[in-house]
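**Q** In my numbering, the protein residues as written are 0 to 594. Note that the Cβ used here is the ideal one computed from N, Cα and C, for glycine as well.
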């Protein structure tokens with residue numbers, strides 16, 4: 000009987016060369032790769048088909064995955080069927096399924112069939128595209144696709160490779176924020192940072208409390224430290240206040256600081272707040288400070304023209320980053336990063352040892368992307384983007400974004416009409432922040448986090464949280480490719496059910512506490528009453544006369560008469576009656592001794 004994988008497919012008993020009777024050694028031949036490649040593609044396709052059957056969040060405990068692995072590496076090569084079987088046995092139990100239709104946590108991390116196949120081709124080619132000469136197609140295809148995407152998103156002409164700037168695929172927006180800061184430092188110092196390094200006591204960077212933490216990390220890595228960071232106040236919608244930025248810049252300049260970079264955000268991580276680029280841009284220009292726009296999540300929404308107004312003022316930006324691997328159907332890593340003036344970027348990052356010199360580079364006619372990033376080496380990342388754009392087309396990408404935005408607006412509408420929830424912040428994209436309402440006397444943050452744990456433990460959906468105005472709220476981020484209206488309806492139903500269950504449970508607990516408090520109060524009152532009655536009885540016993548039992552004559556209390564001193568009454572002829580009375584009142588005197 001053939002072996003069957005957890006996906007329900009027969010596994011090969013031996014490979015094309017008949018080696019599966021024992022250990023496997025040597026390189027995988029093209030024919031073996033063809034066979035096993037088909038098996039892997041089948042496995043992925045089966046996984047996507049059944050992904051909804053898994054709990055969204057991994058259910059393993061820390062150390063479980065490692066406990067299922069041998070302590071040492073295999074001495075001999077193993078059969079590929081054993082490796083494939085361990086995907087089901089070892090890997091899948093430890094996976095949180097980001098492509099699950101019930102995944103509503105963090106921000107989405109899209110992938111798609113065209114993206115996976117593009118990555119497969121990139122891996123198969125094995126290109127190291129650090130310079131144009133190391134593989135011209137890797138460089139020029141990337142330039143061209145980045146120009147395509149700039150056009151699809153309505154970005155300024157200065158970001159095109161045909162102008163003063165250009166685009167590059169970075170590993171992450173965290174990395175893009177770092178290289179933007181390095182370029183800004185290079186420009187602000189007029190190149191002095193290359194020779195002398197940064198002067199943290201002189202330079203300042205401006206963010207808001209809602210800016211992604213990677214900007215602070217970038218300041219640390221660049222050598223500025225956190226003391227160089229200025230936190231600009233936000234308004235009621237959690238967007239950076241232009242007036243507050245101008246005031247801080249004026250104050251720092253007056254004190255002798257050199258402002259280097261302002262990081263504005265389109266779609267903050269907590270709530271997707273939008274900093275007003277059109278107002279911030281002129282302020283940055285007036286002070287000569289680099290304006291970097293971090294649109295990691297929301298930037299790609301601009302493929303839908305009706306959403307571009309949310310980024311009004313982007314033409315003021317010196318650099319701009321957004322992640323295709325979040326919401327544009329392309330697997331990680333695929334950060335799209337543009338600069339308006341590439342000279343500042345390459346000036347900060349370019350270094351040319353002899354072993355990298357070549358004629359094409361020396362002519363200055365080509366782009367070497369190693370000078371646009373921290374690392375030297377780089378994968379052929381543009382292939383998967385090329386595959387995705389060609390498969391979906393502009394209209395397919397727009398439909399993907401529009402669908403999720405519409406679902407988010409519908410979810411927000413349901414919440415606004417429900418007395419159990421409040422919508423905690425504006426929701427221009429596909430994230431909705433919900434604040435559950437709880438009865439008075441309940442710790443709202445504890446109740447909200449309990450609701451979140453209950454939902455995530457159930458396995459159907461996965462959500463995360465943040466804080467808005469100091470209170471815990473639930474983030475519902477819609478963006479997985481497989482998510483449909485049905486799944487949004489389901490998460491809304493689960494939210495309501497969990498809220499109702501907890502509210503009843505809290506009320507029952509409160510009722511039990513009230514009953515217990517009432518019992519304790521009644522018992523205390525009863526004890527007090529009993530004590531007072533006992534005290535009253537004791538007092539009565541000591542003060543009142545004893546009463547005889549019923550039917551008996553009370554015993555008479557005989558009090559002996561007081562002894563009255565005997566006074567002899569004299570004869571009438573001897574002394575008067577008055578004299579005798581006075582004599583009787585006198586105390587008796589001790590008898591005198593007889594002679």
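Assuming residue 130 contacts residue 357 under a Cβ cut-off of 8 Å, what Cβ separation, rounded to an integer in Å, is found between them?
**A** Residue 130 to residue 357, Cβ: 7 Å. Contact.
**Q** Identify the residues that DSSP records as bridge partners of residue 338: which are they?
**A** Answer by DSSP bridge pairing, in chain order: 165 and 318.
**Q** Does DSSP put residue 238 in a helix, a strand or coil?
**A** Looking at residue 238 - three-state DSSP - the assignment turns out to be coil, as it is neither helix nor strand.
**Q** Looking at residue 404 and residue 101, is the spacing between their C-beta atoms short of 7 Å?
**A** No, these two residues do not count as a Cβ contact at 7 Å.
**Q** Quick check on residue 628: does DSSP put it in helix, strand or coil?
**A** There is simply no residue 628 to check, as the chain begins at 0 and stops at 594 in what is shown.
**Q** Is the CB-CB distance between residue 258 and residue 203 below 7 Å?
**A** Yes.
**Q** Please name the residue, chosen from 387, 486, 475 and 507, that lies closest to residue 438 on a Cα-to-Cα basis.
**A** With distances taken between Cα atoms, residue 438 lies closest to 507.
**Q** Let me confirm a value: residue 500 is counted as buried when at least 16 other C-beta atoms fall within 10 Å, else exposed. Which label applies?
**A** Residue 500 should be labelled exposed.
**Q** Hey, how far is the Cα of residue 171 from the Cα of residue 322?
**A** Rounded to whole angstroms, residue 171 to residue 322 spans 7 Å at the Cα level.
**Q** Which residues does DSSP list as the beta-bridge partners of residue 434?
**A** In DSSP, residue 434 forms a bridge with 421.
**Q** Is residue 564 buried or exposed, if buried means 16 or more other CB atoms sit within 10 Å of its CB?
**A** Unreliable placement is indicated for residue 564, whose pLDDT of 46 sits below 50; the coordinate value is still reported in the next sentence. Residue 564 should be labelled exposed.
**Q** Taking C-alpha atoms, which residue in 313, 252 and 254 lies nearest to residue 278?
**A** The candidate whose alpha carbon is nearest that of residue 278 is 313.
**Q** Rounded C-beta distance between residue 238 and residue 266? I'm assuming under 8 Å.
**A** Contact doesn't hold; Cβ gap of about 11 Å is too wide.
**Q** Hey, residue 383 and residue 117 are a contact pair by Cβ (cut 8 Å); roughly how many whole angstroms apart?
**A** So it is a contact: roughly 3 Å between Cβ atoms.
**Q** Taking the DSSP output, what are the residues bridged to residue 467?
**A** Bridge partners of residue 467: 470.
**Q** Look up residue 62 in the DSSP assignment and say whether it is helix, strand or coil.
**A** Coil at residue 62, not helix or strand.
**Q** Flag this pair as yes or no: are the beta carbons of residue 458 and residue 92 separated by less than 7 Å?
**A** Cβ distance not < 7 Å, so residue 458 and residue 92 don't count as in contact.
**Q** Please report how far the alpha carbon of residue 492 lies from the alpha carbon of residue 58, in whole angstroms.
**A** If you take the alpha carbons of residue 492 and residue 58, they lie about 23 Å apart.
**Q** Buried or exposed: residue 284, going by 16 or more other Cβ atoms within 10 Å of its Cβ?
**A** Residue 284 should be labelled exposed.
**Q** With a 10 Å radius around its C-beta and 16 neighbouring C-beta atoms as the bar for buried, classify residue 26 as buried or exposed.
**A** So residue 26 ends up on the exposed side.
**Q** Ends of the beta strand (DSSP E) at residue 275?
**A** Segment: none, residue 275 is in no beta strand (DSSP E) and carries neither H nor E.
**Q** Skipping 5 residues on each side, what residues in its chain have a beta carbon closer than 7 Å to that of residue 497?
**A** If we look at residue 497 and ignore the five residues flanking it on each side, its Cβ neighbours are 450, 453 and 454.
**Q** Thinking just about the alpha-carbon of each residue, which of 249, 167 and 149 is nearest to the one in residue 332?
**A** Closest option to residue 332, Cα to Cα, is 167.
**Q** Using the beta-carbon count (16 or more within 10 Å), is residue 16 buried or exposed?
**A** Low per-residue confidence applies at residue 16: pLDDT is 40, beneath 50, and the placement is therefore not dependable, though the value from the model is reported in the following sentence. By the 10 Å Cβ count, residue 16 comes out exposed.
**Q** When the Cα of residue 120 is compared with those of 441, 378, 247 and 142, which residue comes out closest?
**A** The candidate whose alpha carbon is nearest that of residue 120 is 378.
**Q** Would you tell me roughly how many angstroms separate the C-alpha atoms of residue 530 and residue 523, rounded to the nearest one?
**A** Residue 530 and residue 523: Cα-Cα distance of roughly 11 Å.
**Q** With a CB to CB cut of under 6 Å and the five nearest residues on each side skipped, what residues in its chain are close to residue 421?
**A** Excluding residues within five positions, the ones whose Cβ falls inside 6 Å are 434.
**Q** If you draw a straight line from the C-alpha of residue 264 to the C-alpha of residue 61, how long is it?
**A** Between residue 264 and residue 61, the C-alpha separation is close to 35 Å.
**Q** Which of the three DSSP states is assigned to residue 365 in this structure?
**A** Residue state, collapsed to three classes: coil.
**Q** If contacts are defined as beta-carbon pairs under 8 Å, then residue 106 and residue 476 qualify, I think. What distance do you get, rounded to the angstrom?
**A** About 5 Å; that satisfies the 8 Å criterion.
**Q** From the DSSP output, which residues share a beta bridge with residue 476?
**A** DSSP, once it has assigned bridges, lists 430 as partnering residue 476.
**Q** When DSSP builds the beta bridges, which residues end up paired with residue 290?
**A** Its beta-bridge partners are 261.
**Q** By the DSSP assignment, the alpha helix (DSSP H) with residue 115 in it spans what residues?
**A** Unbroken alpha helix (DSSP H) run through residue 115: 112–124.
**Q** Decide if residue 80 is buried, meaning its Cβ has at least 16 other Cβ atoms within 10 Å, or exposed.
**A** With 16 or more other Cβ atoms within 10 Å, it is buried.
**Q** Residue 272 and residue 424 look like a contact to me (Cβ under 8 Å); what is the Cβ gap, rounded to whole Å?
**A** At roughly 7 Å, the Cβ-Cβ gap stays under 8 Å, so residue 272 and residue 424 are in contact.
**Q** Are residue 218 and residue 228 closer than 7 Å when you measure CB to CB?
**A** For residue 218 and residue 228, yes; Cβs fall inside 7 Å.
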